[in-house]
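Student: These protein sequence lines are chains A and B, in that order. Per the numbering used here, the first sequence starts with residue 5, numbered consecutively. Per the numbering used here, the second sequence starts with residue 99, numbered consecutively. The C-beta atom is built at its ideal place from N, Cα and C for all residues, glycine as well. This structure is a prediction, so every number in the text was calculated from the model and none was measured.
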Amino acid sequence: MTATVSARDLTHSYGSLKTLAEIDFEVSPGEIFGIVGPSGCGKSTLLELVGGLGSPTAGRLSVAGQSGNAGRLAGCAWMPQRDCLLPWYSALDNAGLALVNQGRSRREARLAAAERFAHFGLQGFESARPEELSGGMRQRVAFIRTLVSGKPVLLLDEPLAALDAITRADLQEWLAPALAGSGATVLLVSHDVEEALYLADRVAVLSPRPGRIVATVEGARGETGPRDQVVSSTSFNQRRQELLALLAARGENK
Amino acid sequence: MKLRLWLPPLLVVLALLGLWQLAASNGFLADSLGLEEFLVPSPSGIAEVLWQDRDLILENAGTTLVEIVAGFCLALVIGLTVAVLFRSSDLVRRAGYPLVVASQTIPVIVIAPVLVVWFGYGIWPKLLIISLICFFPIVVNTLDGLRRTDPEAVRMMRSLDASRFGIFRRVEVPTALPGVFTGARIAAAVAVIGAVFGEWAGADSGLGFLILQDNAQLETARMFASVFVLSVIAIALYALIGLLERVVVRWR
Ligand SMILES: Nc1ncnc2c1ncn2[C@@H]1O[C@H](COP(=O)(O)OP(=O)(O)OP(=O)(O)O)[C@@H](O)[C@H]1O
Ligand SMILES: [Mg+2]
Numbered sequence: 005m006t007a008t009v010s011a012r013d014l015t016h017s018y019g020s021l022k023t024l025a026e027i028d029f030e031v032s033p034g035e036i037f038g039i040v041g042p043s044g045c046g047k048s049t050l051l052e053l054v055g056g057l058g059s060p061t062a063g064r065l066s067v068a069g070q071s072g073n074a075g076r077l078a079g080c081a082w083m084p085q086r087d088c089l090l091p092w093y094s095a096l097d098n099a100g101l102a103l104v105n106q107g108r109s110r111r112e113a114r115l116a117a118a119e120r121f122a123h124f125g126l127q128g129f130e131s132a133r134p135e136e137l138s139g140g141m142r143q144r145v146a147f148i149r150t151l152v153s154g155k156p157v158l159l160l161d162e163p164l165a166a167l168d169a170i171t172r173a174d175l176q177e178w179l180a181p182a183l184a185g186s187g188a189t190v191l192l193v194s195h196d197v198e199e200a201l202y203l204a205d206r207v208a209v210l211s212p213r214p215g216r217i218v219a220t221v222e223g224a225r226g227e228t229g230p231r232d233q234v235v236s237s238t239s240f241n242q243r244r245q246e247l248l249a250l251l252a253a254r255g256e257n258k
Numbered sequence: 099m100k101l102r103l104w105l106p107p108l109l110v111v112l113a114l115l116g117l118w119q120l121a122a123s124n125g126f127l128a129d130s131l132g133l134e135e136f137l138v139p140s141p142s143g144i145a146e147v148l149w150q151d152r153d154l155i156l157e158n159a160g161t162t163l164v165e166i167v168a169g170f171c172l173a174l175v176i177g178l179t180v181a182v183l184f185r186s187s188d189l190v191r192r193a194g195y196p197l198v199v200a201s202q203t204i205p206v207i208v209i210a211p212v213l214v215v216w217f218g219y220g221i222w223p224k225l226l227i228i229s230l231i232c233f234f235p236i237v238v239n240t241l242d243g244l245r246r247t248d249p250e251a252v253r254m255m256r257s258l259d260a261s262r263f264g265i266f267r268r269v270e271v272p273t274a275l276p277g278v279f280t281g282a283r284i285a286a287a288v289a290v291i292g293a294v295f296g297e298w299a300g301a302d303s304g305l306g307f308l309i310l311q312d313n314a315q316l317e318t319a320r321m322f323a324s325v326f327v328l329s330v331i332a333i334a335l336y337a338l339i340g341l342l343e344r345v346v347v348r349w350r
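#1: If we count the other Cβ atoms within 10 Å of its Cβ and call it buried at 16 or more, is G220(B) buried or exposed?
#2: Can you find a C-beta in chain B that's less than 8 Å from the C-beta of N73(A)?
#3: Report yes or no: do the segment 163-170 of chain A and the segment 133-148 of chain A share at least 3 C-beta pairs separated by less than 8 Å?
#4: Should Y202(A) go down as buried or exposed, given a rule of 16 or more other Cβ atoms within 10 Å for buried?
#5: Counting C-beta neighbours from all protein chains within 10 Å, is the total for P84(A) 16 or more, i.e. buried, or is it exposed?
#6: Looking at E30(A): is its Cβ nearer than 8 Å to the Cβ of S10(A)?
#7: Can you give me, in chain order, the residues of the segment 236-252 of chain B that have a beta carbon less than 9 Å from any beta carbon in chain A?
#8: Answer yes if the segment 226-243 of chain B comes into contact with the segment 173-184 of chain B, meaning at least three C-beta pairs across the two stretches below 8 Å, and no otherwise.
#9: For chain A, find out if any of its Cβ atoms is closer than 8 Å to the Cβ of P276(B); answer yes or no.
#10: Could one say the Cβ of S324(B) lies closer than 8 Å to chain A's Cβ atoms, at least one of them?
#11: Within 8 Å (strictly less), CB to CB, does L342(B) reach chain A?
#12: Any idea what DSSP makes of Y336(B), helix, strand or coil?
#13: What in chain A is Cβ-close to A260(B), meaning under 7 Å?
#14: Using 8 Å as the limit for Cβ to Cβ distance, is L1(A) near chain B?
#15: Just the Cα atoms here: how many angstroms apart are S48(A) and G19(A)?
#16: Could you run through the segment 263-295 of chain B and flag, in chain order, every residue whose CB is less than 8 Å away from some CB of chain A?
#17: Using a Cβ-Cβ cut-off of less than 8 Å, give me the residues of the segment 146-159 of chain A that come near chain B, in sequence order.
#18: I36(A) lies in the beta strand (DSSP E); which residues open and close that run?
#19: Just how far apart, CA to CA, sit I166(B) and F295(B)?
#20: For the structure I just gave you, are there three or more beta carbon pairs, one from the segment 192-202 of chain A and one from the segment 210-219 of chain A, closer than 8 Å?
#21: In three-state DSSP terms, what is L328(B)?
#22: Determine the contact status of P211(B) and A145(B), defining contact as a CB-CB distance below 8 Å.
#23: Is A99(A) helix, strand or coil when you go by DSSP?
#24: Check this for me: beta carbons of L24(A) and L65(A), under 8 Å apart or not?
#25: Can you say whether F234(B) is buried or exposed, counting buried as having 16 or more other CB atoms within 10 angstroms of its CB?
#26: Using a threshold of 8 Å, state whether the C-beta atoms of L275(B) and V175(B) are closer than that.
#27: CB of H195(A) to nearest heavy atom of ligand 1: below 7 Å?
#28: Are there 16 or more other CB atoms within 10 angstroms of the CB of S187(B), so buried, or fewer, so exposed?
#29: Thinking just about the alpha-carbon of each residue, which of A289(B), G306(B), T161(B) is nearest to the one in L335(B)?
#30: At a cut-off of 7 Å, would you count S66(A) as near ligand 2, judging by its Cβ distance to the nearest heavy atom?
#31: Report yes if the CB atom of P60(A) is closer than 8 Å to the CB atom of T189(A), and no otherwise.
#32: Using a Cβ cut-off of 8 Å, pull out every chain B residue sitting near W178(A), in sequence order please.
#33: Return yes when at least one heavy atom of ligand 1 lies under 7 Å from the C-beta of G41(A), else no.
#34: Which one or two residues does DSSP pair with C80(A) in a beta bridge?
#35: Touch check for the segment 88-102 of chain A and the segment 248-257 of chain B: three-plus C-beta pairs under 8 Å?
#36: In chain B, which residues lie with their C-beta within 9 Å of the C-beta of R133(A)?
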């Protein structure tokens, strides 16, 4: 299978601040690729580069064979670290933004988004304003907004950040099938090792800034059974320890 | 229901009016200023004239109101256009902003007679003067509002296939709206001053014209009545814009 996302010797800096160095990876179609690393190591920067929202300083980066910014932009839907819901639109209109942007009518966009609302336990909140929603609901609306775009590559930057542990665990359980059902290729940034391992096929570990990939570990996606069972298995625990050790060895600042 | 909110300022105004009434009606004010009593009207005297000459005052108020509303609308169109142009290009903004600021250093009292010479006694000189002073707060506050745009939201929209205009319409405009309304409210308040200056430079009707005439004829009470009506116009416009803001900007 040809790679959907591929980075070759990718380097990036903000002026004199080196953020990413010699990044190499390939993500196959339909794969979920997790990215973990210490705070400030360039994870968000990497996602934005992949999504065509910035240009690499050096190296090659392509999405579905397109290496220009516009081409990568066309192939990816980016979910920012903050949910960025627009306060002047209802939850449903926020969720349908991509379709409206793509030239479909507001009615069509709302219809497409509404289907997902029921699915993600948001029914009854269609006309709620973003500030009336809880953190978990906002994240779900932002996720639906990304999903509804119908783009082949989803770039999720800490989709479950800013949530308490219990809500996170719950949301991970609905995120997994939702991602599987979409058929999309996913790059998933997380600072939570367990979350990345549970959701992804593979997890790349970045070093402190400038971020480099120090190792790639097999994730637990595709393992059947409820989340509690998966994350408490011996093999999962081994990989968790491995990842934590990699992070600790590389970054005392984590 | 909002009595707690309204009562304190109402009491202050009533108390001041009461004091004024007392001081004026027993001749204390006129005496201490060394003036004839008819030059220092009391609130009740002003109210009386307001009622007696209501037709005259209302007719002139109509002229002024039309000038204010037209001038304000012209300023709104020009101000919003300039703000959007400035937002769309850094070069245009850097080139144009000094000019916008400079426009406010033009003394209205000096330019008003010139405009009357150029455009005659009709509505145009008033319209230009009003929009000259109204457009500045609109430009500055709209631009300020546009600058509050969240760059991350813009990137999110770009990633979700928004066009440049789509981002403008769905992100920048709603972000800027509170600023637009702030600018409009300030503009509404100063528009009244512009109308009066415009009429003083040359007019045959309007409250400013009436004030000038009454001043010459020492009709002090009616002057105060006209000033009162001008204030009412300004306050009404200000309140109307505030009301509109609450209807439009519901997410705040
Ligand atoms: N627009 C920018 N201009 C300059 N420096 C930036 C910019 N955005 C991020 N940085 C810097 O680049 C580095 C990498 O930032 P980035 O947001 O990619 O890290 P991150 O791994 O996502 O961190 P976190 O875990 O906190 O989300 C940081 O040191 C940050 O301060
Ligand atoms: Mg980040």
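Tutor: Once the coordinates are examined:
#1: exposed
#2: no
#3: yes
#4: buried
#5: buried
#6: yes
#7: D248, E250, A251
#8: yes
#9: no
#10: no
#11: no
#12: helix
#13: N105
#14: Outside the shown range of chain A (5 to 258) lies residue 1(A), about which nothing can therefore be said.
#15: 17 Å
#16: G264, R268, V269, P272
#17: R149, T150, S153, L159
#18: 36-40
#19: 12 Å
#20: no
#21: helix
#22: no
#23: helix
#24: no
#25: buried
#26: no
#27: yes
#28: exposed
#29: A289(B)
#30: no
#31: no
#32: None at all; the shortest Cβ gap to chain B is about 22 Å.
#33: yes
#34: V157(A)
#35: yes
#36: R348, W349
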